[in-house]
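To start, the structure under review is shown below, and the notes come after it.
Residue numbers (the numbering used here): 34 to 229.
Written out as structure tokens, the structure reads:
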């Protein structure tokens, strides 16, 4: 599987023709602008992954839509969204899985996880599954949470200050996904994009 960095635009669409990891980074994306990333599967036997990573600084917003559109049989897609929200940020995510009637034996999964670091945060996650075929595997999961104060306390007892502790936890939050990126150079670029 090849790994590609995606610099998202308002409407970004890919015809998936080979097994690919698309890594979308939002560190330079315009504040408040809507973004749609669509993967369209027209070739049988293709597998792809879209990984969206963002860390919103204070008073910023992101409105993101991903679409995995399966048109032919025997395709698979894994959509992974990971975000960190600092104070007074706004995140709205719509994740769509569209499986056409002829796209039998397709597999598509959507995962959205958000870590909240500050107060005054708004976070919405809306999964939409439109499935016309009857022999498929499709599912979704979403979670939003804060850092456990016990984790901060534990790290401080080991000599880290509060900011260092928080940064280490955020790094671990992203590392679970970063470790799945096949290309080491792409992985390093993605890791640098989500650092504080």
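Note that beta-carbon positions come from the ideal geometry of N, C-alpha and C, so glycine has one too. Please read these numbers as outputs of a predicted model, since none were measured by experiment.
- Between the alpha carbons of residue 140 and residue 193 lies a gap of roughly 43 Å.
- Apart from sequence neighbours up to five positions away, the residues of its chain that approach residue 44 with a beta-carbon distance below 7 Å are 69, ordered along the chain.
- Less than 8 Å divides the Cβ of residue 127 from the Cβ of residue 161.
- Contact between residue 112 and residue 144 is confirmed by a C-beta separation of about 7 Å, below the 8 Å threshold.
- The C-alpha of residue 65 lies about 23 Å from the C-alpha of residue 207.
- Around the C-beta of residue 62, 16 or more other C-beta atoms lie within 10 Å, and the residue is accordingly described as buried.
- The C-beta distance from residue 82 to residue 48 rounds to 16 Å, too long to fall under 8 Å, and the pair is not in contact.
- Scanning the region 167 to 222 for uninterrupted alpha helix (DSSP H) segments of 4 residues or longer gives 182 to 190 and 195 to 211, listed from N- to C-terminal end.
- Cβ-Cβ separation between residue 103 and residue 133: approximately 6 Å, consistent with a contact (criterion under 8 Å).
- Of the other Cβ atoms in all chains shown, 16 or more fall within 10 Å of the Cβ of residue 115; this residue is therefore buried.
- Residue 121 and residue 211 have their alpha carbons spaced roughly 26 Å apart.
- Taken through DSSP and simplified to helix, strand or coil, residue 226 comes out as helix.
- Going by beta carbons, residue 150 and residue 100 fall outside the 8 Å limit.
- Under the DSSP assignment, residue 64 falls outside any beta strand (DSSP E); it carries neither an H nor an E label.
- Take residue 187, set aside five residues on each side of it, and no residue of its chain has a beta-carbon closer than 6 Å to its own.
- Closest by C-alpha distance to residue 181, out of 90, 36, 157 and 148, is 148.
- Listed in chain order, the non-local C-beta contacts of residue 163 below 6 Å within the same chain comprise 131, local neighbours out to five positions each way being set aside.
- In this structure, the alpha-carbon of residue 179 lies about 11 Å from that of residue 199.
- DSSP places residue 131 in the strand class (E or B) of the three-state scheme.
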